[in-house]
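In this text, residue positions in the sequence shown follow this note's numbering: the first is 651, and each later residue adds one.
All residues carry an ideal CB built from backbone N, CA and C; glycine is no exception.
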Amino acid sequence: MLEGKNYRITKENITAHELIGLKAKVVGGTEKSRIGLKGLIVDETKNLICLEAGKELRRVPKVESVFEIVIGNEKVEVDGKKILARPEDRTKFAWRKRA
Numbered sequence: 651m652l653e654g655k656n657y658r659i660t661k662e663n664i665t666a667h668e669l670i671g672l673k674a675k676v677v678g679g680t681e682k683s684r685i686g687l688k689g690l691i692v693d694e695t696k697n698l699i700c701l702e703a704g705k706e707l708r709r710v711p712k713v714e715s716v717f718e719i720v721i722g723n724e725k726v727e728v729d730g731k732k733i734l735a736r737p738e739d740r741t742k743f744a745w746r747k748r749a
């Protein structure tokens, strides 16, 4: 769990939160050469997650990847297909759906 003044990210609600700034690792997917790629999420679009891996910026398609995202002391596995949307739309939709 990662907690701030106005938010709490848990493994149950991670798909409803902004992912930029979290550490991630590609742990599965159709493109075997991307498995093991890890770094800090520095940007996110509808279809891609951009990881800063050392001095490189690597773009990873969400639809064909499974990510292990670190929140606090926990590691959460997230299928890229479940976060396949623009971040601002995904967060709005997820919170509306819960209400």
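- Here the alpha carbon of K673 sits roughly 12 angstroms from the alpha carbon of D693.
- Taking each of K682, K688, L669 in turn and checking the Cα distance to R740, the smallest one comes out for L669.
- Counting only the Cα atoms, L701 lies some 13 angstroms from S715.
- The C-alpha of K742 lies about 33 angstroms from the C-alpha of K682.
- Membership of R684 in any beta strand (DSSP E) is not indicated, and neither H nor E is assigned to it by DSSP.
- In terms of Cα proximity to E662, the closest of N697, K725, V677, I685 is K725.
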